[in-house]
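Have a look at the structure below, then the notes.
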Amino acid sequence: MKNSPSTYSTQDLLSSQEKLERAGRMHFVHWLVLVLSLFLTVGIWQYSKNQLSEKTEIRFSRESDHVVDLIVERLQKYEDALWSGAALIRANGGDIDFPEWQAFAEALNLEEKYKGINGIGVIHAVQREKLAAYLDWQRQSRPDYGIHHQHAHDLLLPISYIIPVGDNAAAVGLDVAYEKNRLEAAIKARDSRQAQITGPIVLVQDAENMPGFLFYVPFYDPEDGHFRGLVYAPFVVDKLMQGTLEKARRQVEIRLKDGAEVLYDEVRQHPRSADAKIFSNTYEKWIYGRLWTIEIQSTPAFYNATSNNQPELILVGGIVIDILLLTIFLVMSRANKNSVSFGKRMARSYIRRSEDLEKAVNQLESKNRELEQFTYITSHDLQEPLQTIRSFIVILKREYGEQLDAKGRQMMDFVDQSSVRMQSQVKGLLDYGRIGHKKNIELIDLNDSLRAVQQDMADTFTRRHVTLTVGELPTLWGVEKDLRLMFQNLISNAIKFTDPDVSPKIDITSETKDGHYKFSVCDNGIGIPEDCREKVFGVFKRLHSREKYPGTGIGLAQVKKIVELHSGQIWIDSNEQGGSCFIFTLTDLRDEQQNDFDD
Numbered sequence: 001m002k003n004s005p006s007t008y009s010t011q012d013l014l015s016s017q018e019k020l021e022r023a024g025r026m027h028f029v030h031w032l033v034l035v036l037s038l039f040l041t042v043g044i045w046q047y048s049k050n051q052l053s054e055k056t057e058i059r060f061s062r063e064s065d066h067v068v069d070l071i072v073e074r075l076q077k078y079e080d081a082l083w084s085g086a087a088l089i090r091a092n093g094g095d096i097d098f099p100e101w102q103a104f105a106e107a108l109n110l111e112e113k114y115k116g117i118n119g120i121g122v123i124h125a126v127q128r129e130k131l132a133a134y135l136d137w138q139r140q141s142r143p144d145y146g147i148h149h150q151h152a153h154d155l156l157l158p159i160s161y162i163i164p165v166g167d168n169a170a171a172v173g174l175d176v177a178y179e180k181n182r183l184e185a186a187i188k189a190r191d192s193r194q195a196q197i198t199g200p201i202v203l204v205q206d207a208e209n210m211p212g213f214l215f216y217v218p219f220y221d222p223e224d225g226h227f228r229g230l231v232y233a234p235f236v237v238d239k240l241m242q243g244t245l246e247k248a249r250r251q252v253e254i255r256l257k258d259g260a261e262v263l264y265d266e267v268r269q270h271p272r273s274a275d276a277k278i279f280s281n282t283y284e285k286w287i288y289g290r291l292w293t294i295e296i297q298s299t300p301a302f303y304n305a306t307s308n309n310q311p312e313l314i315l316v317g318g319i320v321i322d323i324l325l326l327t328i329f330l331v332m333s334r335a336n337k338n339s340v341s342f343g344k345r346m347a348r349s350y351i352r353r354s355e356d357l358e359k360a361v362n363q364l365e366s367k368n369r370e371l372e373q374f375t376y377i378t379s380h381d382l383q384e385p386l387q388t389i390r391s392f393i394v395i396l397k398r399e400y401g402e403q404l405d406a407k408g409r410q411m412m413d414f415v416d417q418s419s420v421r422m423q424s425q426v427k428g429l430l431d432y433g434r435i436g437h438k439k440n441i442e443l444i445d446l447n448d449s450l451r452a453v454q455q456d457m458a459d460t461f462t463r464r465h466v467t468l469t470v471g472e473l474p475t476l477w478g479v480e481k482d483l484r485l486m487f488q489n490l491i492s493n494a495i496k497f498t499d500p501d502v503s504p505k506i507d508i509t510s511e512t513k514d515g516h517y518k519f520s521v522c523d524n525g526i527g528i529p530e531d532c533r534e535k536v537f538g539v540f541k542r543l544h545s546r547e548k549y550p551g552t553g554i555g556l557a558q559v560k561k562i563v564e565l566h567s568g569q570i571w572i573d574s575n576e577q578g579g580s581c582f583i584f585t586l587t588d589l590r591d592e593q594q595n596d597f598d599d
C-alpha cells in the first residue's frame, strides 16, 4: 500500500534527500568509466594506425623487392641470350661470319622477346700485328668495313657485327678498347670467364647521349682455349627500364646509380597532402661486376591505393561515445540535483504546512517517473554506439587478426567481452526502464504464470536437476508480464546462487488476507549475509565476482520495482534449511488507477 504523506517524519525526508544528493553527484566510478573509455579508444586507434602503417610498409617492401627482382631477372635473360651466341660460335669452330650471325640474331626476335636491348653483336680480339688479316677477312663480305677510334694498345677489340645494323651503324668497327670503362669490363670478362657489364658510358649510336652500358660474354678457341672475343649487347638504361618495368603498372619510382653516377632517375617531387607518407628503400647489388644502387620511392598513387581512414573512424566513434556518456552522466546528475532541490523545498514546506506535503510528494514522484523515462531513453540510445564498437572489433579481428601475437588477440578478446557485457547491462537497464510502462491491468492466475515460467526454463531445470515446489497461488489483478518476469528472476537467482554440485530446491508459497497477498520464495542456495540483504536490490549491485556468478546485477532490482508497482514490499529472511527466503507482498490492483502504470 502507498504511504500517506502524513506518515513520513522529517527525519525520513532528510534521509531520503541525503540519498538523492549522493546519487545525483558525479561519482568516482563515472569519471573512471569515462577515463577508461577514452584510454581504450585512443589505444585501439593507435593500435589500428600502427597496424595499417606496418601493413603498408610491408606492401611497399614487397613491391620494391619485386622491382629489383625484375631488373635482375631481365638482365639474366639478356645474359642467357649472350651465352647462347657464345655457344653458337664455339659450335661453329670458334668463330662466325656476318651472314651466320645475322641469321642467329634475327632468330632471337629481339624486339619481342628482349625488350630494352639495343642489339646483339660480336667483338673480336685482334692483336695489332694481325690487324691486316682481320680486316681482309671482314671486307670479304663488307668491303667498306673499317675500324675507328684508334688507340695505342696492342690488343684491339673492334665490333665486327651488331644486329640490327640500322640503328647501330655507328657502332660497327668501333674499337671498344679505346675507352677505359669499355676496356676494363672486357678484360674482366676475359680473365674471369664470366659475364660483365661496363661502367656508365654513352653509346656512339645514341643521338640523345643518354647513360648506357655494354654487356659482355667472352668466348674462346674450342681447341687451345685462347680468348677470341666477346658477344655483347649495348644498352641505353632509359630504354632498358622502359622495356623491363612499365611505369603504368607500378606505384613506385626508381633511381638507378652506378657508384656516384646516375644511370636512370624518374623520382620526382609530387604535390602531396600533409599526411601522405613517403616510403623509400635503397638496395645495393653487385650486377655483373658493378655495384648498382637502386633507390625506390612511393608515388602518390601508392598512398592513395593503401590509405585507409579506419583508424580515424575508430577514434571519432570512440570520442563520440565518450561525449555521449559524459552528457548522460551530467544530465542525469543535473536531473537528480533538480529533484533533490525540489525535495528540499517540499521538506521545508512540510515543516511549515504539513497539509501541503501530499502535493509535494506527488510532484516529486512525477519527477522520478520522468527521470526513469530519461534513463530508459538514454540507455536505449547507448545500444547503437555499443554495436558500432563491436562492429569495429570484428573488422579489426578480420583484417589484422593474423598479424596479432597471443597477447594482442587476448587484448582484442578482452575488448570484445567487455563490449558484450556492457550490451547486456544496457539491455538490463532497458528492461528495467520498461517495467511499469503502459501495461494493462488484468486478472491473472499466478499458477498459470508459474507454469509458463517452468516451460521457459525447462532446459535449465533439467541441466541443474531443479526441484520446484509450488503451493496453491491466488488469482489477482495486476500486470501479468511483469509478475511472470518477477517469478522468473527469483527462480533464476535461486538456481544461480546454489553450489554447482547441489541440486537446487525451490519452494513457493502464498497466503491471502483482505485483498493483500504475501508470498515466499525459499531456496537451498548459498544464502545472503544479513548486512547485505538491502544492498542486493540495487541496480548493478553484486555480492560476488562476475567470474564466479555471471549476470548483469539488475534482476533483483527489477523484482523490487515490480513489487513496488503492485503496491507491495519485499525483504529477505534466512531459510531454516539453509539458503534464503525472498518474502514479498502484492496488492490486488483492480481498485488502482490505470495511470499508475503509464509513462
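The sequence shown maps to residues 1 to 599 in full-length UniProt numbering.
C-beta atoms are modelled at their ideal positions from N, C-alpha and C, and glycine is treated no differently.
Nothing here was measured: the structure is a model prediction, and the numbers come from that model.
- Inter-segment contact for the region 196-203 and the region 54-71 is absent: fewer than three beta-carbon pairs are separated by less than 8 Å.
- Taking 8 Å as the cut-off, the beta carbon of Q251 is found no closer than this to the beta carbon of T282.
- When rounded, the separation of the alpha-carbon atoms in D97 and K55 is 57 Å.
- In terms of Cα proximity to Q297, the closest of G317, K285, P311, R268 is R268.
- In this chain, P158 is not harboured by any beta strand (DSSP E), its DSSP state being neither H nor E.
- Per DSSP, H226 lies in no alpha helix (DSSP H) segment and is marked neither H nor E.
- In the three-state DSSP reduction, N281 falls in the strand class (E or B).
- Boundaries for S141: no alpha helix (DSSP H) harbours it, and the DSSP string shows neither H nor E there.
- Assignment of G94 by DSSP, reduced to helix, strand and coil, places it in the coil class.
- Secondary structure of Q196 (DSSP, three-state): strand.
- Beta-bridge analysis with DSSP links Y220 to F227.
- Counting the other Cβ atoms within 10 Å of the Cβ of L214 gives 16 or more, which makes it buried.
- Distance between E284 and T41, taken at the CA atoms: about 43 Å.
- G478 sits away from I506, with the two beta carbons spaced by 8 Å or more.
- When the Cα atoms are used, D405 and S48 turn out to be separated by approximately 14 Å.
- Cβ neighbours of G85 within its own chain (closer than 6 Å, five residues either side excluded): V231.
- For P158, the number of other beta carbons within 10 angstroms of its own is at least 16, and it is reported as buried.
- For T460, the enclosing alpha helix (DSSP H) starts and ends at 458-464.
- The Cβ atoms of R193 and H124 lie no closer than 8 Å to each other.
- For K188, the closest alpha carbon among the candidates P211, F219, N209 is that of F219.
- Under the DSSP assignment, K496 falls in the alpha helix (DSSP H) whose first and last residues are 480-496.
- In the structure shown, the three-state DSSP call for G43 is helix.
- Remark: fewer than three beta-carbon pairs, one from each stretch, lie closer than 8 Å, so the region 74-88 and the region 170-177 are not flagged as touching.
- Here P99 is near S141, since their CB atoms are less than 8 Å apart.
- According to DSSP, F235 shares a beta bridge with F213.
- Contact between S503 and V559 is absent: CB atoms are separated by about 23 Å, not below the 8 Å threshold.
- When DSSP states are grouped into helix, strand and coil, E312 belongs to the helix group.
- For G555 against N489, the beta-carbon gap comes to about 4 Å, under 8 Å, which counts as contact.
- Scanning K113, Q569, K518 for the CA closest to the CA of L240 turns up K113.
- In the three-state reduction of the DSSP assignment, L203 falls in the coil class, being assigned neither a helical nor a strand state.
- Membership of K257 in the beta strand (DSSP E) is indicated by the continuous run 252-258.
- Residue pairing by DSSP places F519 opposite S510, F584 in a beta bridge.
- Across the set F235, F279, I117, I294, the C-alpha of I294 shows the shortest separation from the C-alpha of E261.
- In the three-state scheme derived from DSSP, where H, G and I count as helix and E and B as strand, L443 is classed as strand.
- Between F487 and L443, the C-beta gap is not smaller than 8 Å, which leaves the two residues out of contact.
- Boundaries of the beta strand (DSSP E) around I570: 570-574.
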